[in-house]
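Have a look at the structure below, then the notes.
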Amino acid sequence: MRCGLLALCAACQTPAFHAQFGDNDAARLSGALSRMGARDEVPRAPAKPTNATGRAMLLAATRAPQSGMLAYDLESGKVLWSQPADVRSRIVVAPTVALCREGKDTLVARSLRDGAVRWRAALPGGSRLLGVAADAHTAVVVTEGEGARVEGREVAAVTAFSIDNGAVRWRAPATGRLGAPAMTGGMVLVPFAHQYLSVLDAATGGEVARVRNRDQEVEAVVPTAEGVFFGSSSLYRLDARAFRGSATESTVLRAALPEEFLRVSYAGDGYNAAQAQYTAYDRNRLLWRATSDGRGFRDGAVVLHNYRFVFALDASDAGVRWAYAYPGEDLVASANLGAVLLLVSARGEIVVLDAASGAQRWTRSLGQPILGATIDAEGFSPSAGPSAAADLHGTLTEIIWDPDRRFEQVKLFAVAELSRARDSRAIESLLRIVTHDNVDRRVHERAAKTLVERIDATSLPILRQALAVRTDYLAGTKARGVDVLARAAAKVGAAELAPLLVAHLLDAETPVTALADIATALVALGDRSAIEPLAQFVLDHRADEAMEAHPEVLRVAIDGLMRLGGPGHRQLLTFAGGDGHTRSFLRAHVMGKLAAASPAAAPR
Amino acid sequence: MPVSTLLAQTTGNVDALEADLLGSDLDRAVAAATSLGALGDPRAVATLAGALDLGLPPRVALASLEGLTAKKDPLLLDLFRRYAAHRRPELRKVALDAVGALLVPGSSAVLIDALSDTDVTVRAKAGRILGERRERAAEEPLFRLLVRGDEAVGEPLGRVAGIGTVEKLLDLLGQVPDRPLAMALGGCLVRADFGPEPLRVDVVKALGKLPGNDAIVLIEDYDKSLPDKDDRPSRAEARRILEGRKGQ
Numbered sequence: 310m311r312c313g314l315l316a317l318c319a320a321c322q323t324p325a326f327h328a329q330f331g332d333n334d335a336a337r338l339s340g341a342l343s344r345m346g347a348r349d350e351v352p353r354a355p356a357k358p359t360n361a362t363g364r365a366m367l368l369a370a371t372r373a374p375q376s377g378m379l380a381y382d383l384e385s386g387k388v389l390w391s392q393p394a395d396v397r398s399r400i401v402v403a404p405t406v407a408l409c410r411e412g413k414d415t416l417v418a419r420s421l422r423d424g425a426v427r428w429r430a431a432l433p434g435g436s437r438l439l440g441v442a443a444d445a446h447t448a449v450v451v452t453e454g455e456g457a458r459v460e461g462r463e464v465a466a467v468t469a470f471s472i473d474n475g476a477v478r479w480r481a482p483a484t485g486r487l488g489a490p491a492m493t494g495g496m497v498l499v500p501f502a503h504q505y506l507s508v509l510d511a512a513t514g515g516e517v518a519r520v521r522n523r524d525q526e527v528e529a530v531v532p533t534a535e536g537v538f539f540g541s542s543s544l545y546r547l548d549a550r551a552f553r554g555s556a557t558e559s560t561v562l563r564a565a566l567p568e569e570f571l572r573v574s575y576a577g578d579g580y581n582a583a584q585a586q587y588t589a590y591d592r593n594r595l596l597w598r599a600t601s602d603g604r605g606f607r608d609g610a611v612v613l614h615n616y617r618f619v620f621a622l623d624a625s626d627a628g629v630r631w632a633y634a635y636p637g638e639d640l641v642a643s644a645n646l647g648a649v650l651l652l653v654s655a656r657g658e659i660v661v662l663d664a665a666s667g668a669q670r671w672t673r674s675l676g677q678p679i680l681g682a683t684i685d686a687e688g689f690s691p692s693a694g695p696s697a698a699a700d701l702h703g704t705l706t707e708i709i710w711d712p713d714r715r716f717e718q719v720k721l722f723a724v725a726e727l728s729r730a731r732d733s734r735a736i737e738s739l740l741r742i743v744t745h746d747n748v749d750r751r752v753h754e755r756a757a758k759t760l761v762e763r764i765d766a767t768s769l770p771i772l773r774q775a776l777a778v779r780t781d782y783l784a785g786t787k788a789r790g791v792d793v794l795a796r797a798a799a800k801v802g803a804a805e806l807a808p809l810l811v812a813h814l815l816d817a818e819t820p821v822t823a824l825a826d827i828a829t830a831l832v833a834l835g836d837r838s839a840i841e842p843l844a845q846f847v848l849d850h851r852a853d854e855a856m857e858a859h860p861e862v863l864r865v866a867i868d869g870l871m872r873l874g875g876p877g878h879r880q881l882l883t884f885a886g887g888d889g890h891t892r893s894f895l896r897a898h899v900m901g902k903l904a905a906a907s908p909a910a911a912p913r
Numbered sequence: 172m173p174v175s176t177l178l179a180q181t182t183g184n185v186d187a188l189e190a191d192l193l194g195s196d197l198d199r200a201v202a203a204a205t206s207l208g209a210l211g212d213p214r215a216v217a218t219l220a221g222a223l224d225l226g227l228p229p230r231v232a233l234a235s236l237e238g239l240t241a242k243k244d245p246l247l248l249d250l251f252r253r254y255a256a257h258r259r260p261e262l263r264k265v266a267l268d269a270v271g272a273l274l275v276p277g278s279s280a281v282l283i284d285a286l287s288d289t290d291v292t293v294r295a296k297a298g299r300i301l302g303e304r305r306e307r308a309a310e311e312p313l314f315r316l317l318v319r320g321d322e323a324v325g326e327p328l329g330r331v332a333g334i335g336t337v338e339k340l341l342d343l344l345g346q347v348p349d350r351p352l353a354m355a356l357g358g359c360l361v362r363a364d365f366g367p368e369p370l371r372v373d374v375v376k377a378l379g380k381l382p383g384n385d386a387i388v389l390i391e392d393y394d395k396s397l398p399d400k401d402d403r404p405s406r407a408e409a410r411r412i413l414e415g416r417k418g419q
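Residue numbers (the working numbering), protein chains in the order written: chain A, 310 to 913; chain B, 172 to 419.
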């Protein structure tokens with residue numbers, strides 16, 4: 310029997326992470342839950358800040374020129390301390406210390422009172438840090454060795470340190486991959502080999518339970534005041550049902566998400582060493598809270614934090630309840646505290662939003678730019694000043710017109726939401742997008758599609774106004790999006806728009822790519838005032854070789870003449886079909902149409 | 172070229188030329204259009220106009236429009252107006268020439284409309300014709316085009332600019348390209364209807380401030396345009412500037 314720093318299973322002498330340790334064992338799981346102090350077999354993190362003062366705090370890694378760490382008391386609005394430090398991982402808060410990797414290989418514990426170094430401990434050399442967790446007695450790190458993985462050899466390890474002095478208490482190696490740890494109720498929770506959640510005794514490192522999920526990977530574990538949740542594309546609650554290991558039999562949370570954000574994570578990827586630091590993950594994630602029974606999301610909502618933007622989404626259908634756009638820089642840290650959301654920007658501004666309405670309740674400043682922050686503020690809910698909820702339409706429009714070119718997905722989402730919002734300004738906003746010359750191509754396409762789907766006769770006045778714009782060098786005006794406007798006109802079906810479309814059809818400035826849509830719309834509107842212009846258009850361009858590249862244009866015009874015109878126009882088409890100057894592709898089309906309409910009329 | 176074509180062109184056989192015009196050989200069609208345009212036969216005009224009305228390949232249309240330009244037939248204004256709005260800028264320009272040859276109501280409006288064309292060569296063509304016609308209605312759009320940097324509108328603007336426009340031009344020294352500004356101011360100076368004299372003096376002074384040779388040539392032209400015994404102050408100013416430049 311091995312002893313000392315190796316972790317042993319108290320019950321059966323099997324080392325932690327051993328292949329023979331039974332998973333999904335109901336009795337073991339029940340025992341573990343009991344030892345974690347679970348109420349109704351649901352372990353929960355305390356509903357208060359972790360730090361021993363009990364005050365809402367924020368620990369931030371500050372940026373150059375003052376690289377270091379600072380502690381900020383959210384309740385007093387004061388910086389408690391600031392220390393120079395080479396912060397190389399996210400900061401973890403324990404009751405009396407803040408921990409993080411500083412420099413390449415050192416775990417440093419700093420006093421929460423003044424930021425002074427309490428102890429330093431060497432991390433295993435040449436290893437990747439996957440995560441740090443701590444409670445009042447123990448700090449644990451998960452590290453992974455560099456280089457090729459050989460079966461049977463150590464791949465990763467959990468190392469536990471005394472929170473008082475950094476002495477190593479135990480070490481649990483694993484021959485499979487380990488993910489970022491979490492701690493609660495005297496236990497260490499570790500994603501293991503992608504499929505498992507292992508529960509280790511924080512005092513000894515012995516494995517006390519192991520849950521295997523049959524449906525999806527276990528990428529992360531998050532203790533909250535409503536329960537401990539784990540999973541990847543869904544959240545499974547650690548409770549008495551967890552041993553069943555499947556979505557149908559376990560307590561599971563999953564929100565409907567917009568298609569633009571299907572890959573956004575509930576809790577990150579604990580196997581990704583990059584996420585042991587403050588990274589892009591902190592700027593693009595879901596913020597959520599569960600109901601007390603763990604069976605749903607609080608208020609039926611999840612919050613999407615996407616760089617500078619925050620959206621509250623209905624968890625059942627992904628509909629946007631409210632949206633918020635932070636001006637200028639990214640929000641690099643965020644937390645869902647239940648009644649409020651707390652956000653921190655790269656320039657060190659702290660913003661608190663009401664979770665229900667998105668109204669801004671409160672702002673403060675750290676006074677310096679930051680790389681990232683850890684928010685230890687469970688239960689923090691500053692009282693609101695007078696601030697109205699943001700106008701959803703206004704915020705969505707602001708997002709669409711944001712000059713930052715990084716946010717194409719968000720803009721696509723905003724366009725889609727414009728159409729869902731029953732706001733009379735939506736059509737006007739969509740028209741503005743499709744007639745603008747400096748819009749991302751995909752955003753333009755989405756807006757065009759949405760406009761044509763949504764527009765109806767009530768929007769006739771603004772559509773008429775948009776169609777009336779002509780390209781005029783002297784006046785400095787330019788007709789844009791005429792193809793989309795034509796499709797919209799066809800959808801609205803108002804014959805009074807025909808003269809405006811005719812003007813565009815015969816306008817030399819109209820892009821050739823828009824002509825087919827215009828001709829199609831004119832035919833759809835069926836207004837007889839379009840017949841002679843269509844005839845003129847056919848005559849003007851039937852002999853032009855440039856039209857070979859856009860055969861659909863003249864084909865549509867000819868089809869329109871066939872439908873709307875009279876005998877005289879049939880004669881004209883008969884002439885065009887037989888005339889040597891007419892481009893051959895068009896002659897064939899005309900002859901085919903005439904033959905189909907009346908075999909006797911087709912030229913031989 | 173086939174003998175039949177040469178013969179048709181030589182003898183002015185409209186029927187034969189029409190056949191070539193409407194035939195599939197584009198070179199022959201172009202030649203036929205040119206020949207029809209040269210004929211005095213009214214049937215030739217009708218043939219060209221009819222073919223244009225039914226649509227022709229661009230090369231042939233161009234030759235046909237050119238052929239009709241010389242006819243100066245006011246009944247063709249609508250046809251020329253239609254081609255002045257054609258998608259091909261080369262056809263628009265030829266059509267403007269044809270419109271410009273017609274001194275009939277409505278023709279200036281077509282030319283002024285063309286000042287809004289996004290093609291700079293079309294605008295230049297329209298401007299030139301309007302300047303030659305001394306069309307005062309073009310004054311304001313030509314001025315706006317000059318402010319926007321259209322180089323070619325300086326000379327035509329000079330032919331039509333009134334006092335108000337010239338005063339605005341003087342304020343634009345250094346803010347618009349020098350050459351069209353100089354052409355506009357110089358063009359005003361040589362007009363007998365332009366004045367009063369103090370404004371002429373200001374125009375000469377402004378030209379004197381413009382760098383380069385263009386302005387000096389215009390001042391020289393102005394000096395030469397006046398009778399020998401004319402001793403108006405603007406001439407004196409012009410000669411003073413020219414003397415000053417010689418000394419440099």
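We put the beta carbon where it would ideally sit given N, CA and C, even for glycine.
- Counting only residues of its own chain and dropping the five nearest sequence neighbours on each side, B:A323 has a CB closer than 8 Å to the CB of V291, R294, A295, G298, R299, P351.
- Closer than 9 Å at the C-beta level to chain B, one finds these residues of the segment 879-890 of chain A: L881, F884, A885, D888, G889, H890.
- Spatial neighbours of A:Q677 in its own chain (CB-CB distance under 7 Å, excluding positions within 5 residues in sequence) are listed in chain order as T371, Q375, G657.
- Residue pairing of A:F330 in beta bridges, as defined by DSSP: absent, with no partner found.
- For A:R399, the closest C-alpha among the options A:L843, A:V450, A:R751 is that of A:V450.
- In this structure, A:W597 lies away from A:N522, with their beta-carbon atoms at least 9 Å apart.
- Its chain contains S279, I283 as the residues whose beta carbon lies nearer than 7 Å to that of B:A308, once the 5 sequence neighbours on both sides are disregarded; these appear in chain order.
- Per DSSP, B:N384 is one residue of the alpha helix (DSSP H) stretching across 384-396.
- Collapsing the DSSP output to three states places A:T362 in coil.
- DSSP places B:A377 within a helical segment (H, G or I) once states are collapsed to three.
- Pairwise C-beta distances place the segment 329-336 of chain B in contact with the segment 351-363 of chain B, as three or more of them are shorter than 8 Å.
- Cβ contact annotation for A:R550 (same chain, cutoff 8 Å, sequence separation greater than five): E558, S559, T560, in chain order.
- With contacts defined as CB atoms closer than 9 Å, A:E528 and A:H503 qualify as a contacting pair.
- One Cα belongs to B:L219, the other to B:L247, and the distance between them is close to 11 Å.
- Residue state for B:G329 is assigned as helix, using DSSP reduced to three classes.
- Look at the segment 774-831 of chain A and you find these whole runs of alpha helix (DSSP H), each 4 residues long or longer: 791-801, 807-814.
- Excluding the 5 residues flanking it on each side, A:D792 has same chain C-beta neighbours closer than 6 Å at A823, D826, in chain order.
- Around the CB of A:V752, 16 or more other CB atoms lie within 10 Å, so the residue is classed as buried.
- The straight-line gap separating the alpha-carbon atoms of A:D816 and B:R263 is approximately 12 Å.
- Under the Cβ criterion of 9 Å, A:D792 is not counted among the residues facing chain B.
- According to the DSSP assignment, A:F722 belongs to no beta strand (DSSP E) but to the alpha helix (DSSP H) extending over 717-729.
- Here B:D290 carries a coil assignment [DSSP, helix/strand/coil].
- Annotation for A:Y633: no alpha helix (DSSP H) segment contains it, though the beta strand (DSSP E) segment containing it runs 629-634.
- Between A:V743 and A:A756, the C-beta gap is smaller than 9 Å, which places the two residues in contact.
- DSSP places A:Q845 inside the alpha helix (DSSP H), whose first and last residues are 840-850.
- Here A:A403 is actually not in contact with A:T468; their C-beta atoms are around 16 Å apart, not less than 8 Å.
- Rounded to whole angstroms, A:L622 and A:D868 show a C-alpha spacing of 47 Å.
- Around the CB of A:R617, 16 or more other CB atoms lie within 10 Å, so the residue is classed as buried.
- With a threshold of 9 Å between beta carbons, B:T289 makes contact with chain A.
- Taken in chain order, the members of the segment 252-268 of chain B whose beta-carbon sits within less than 9 Å of a beta-carbon on chain A are R253, Y254, A256, H257, R258, R259, P260, R263.
- Nearest neighbour of B:P382 by Cα position, chosen from B:L397, B:G345, B:A241, B:D392, turns out to be B:G345.
- Just measuring C-alpha positions, the residue of B:R371, B:R416, B:G325, B:T205 sitting nearest B:A353 is B:G325.
- Restricting attention to A:A564, A:L783, A:K413, the CA atom closest to the CA of B:L286 is found in A:L783.
- With respect to A:L895, A:M871 sits apart: the two C-beta atoms are not nearer than 9 Å.
- C-alpha of A:A443 to C-alpha of A:V401: approximately 7 Å in a straight line.
- Residue contact check for A:H859 against chain B: no CB pair falls below 9 Å.
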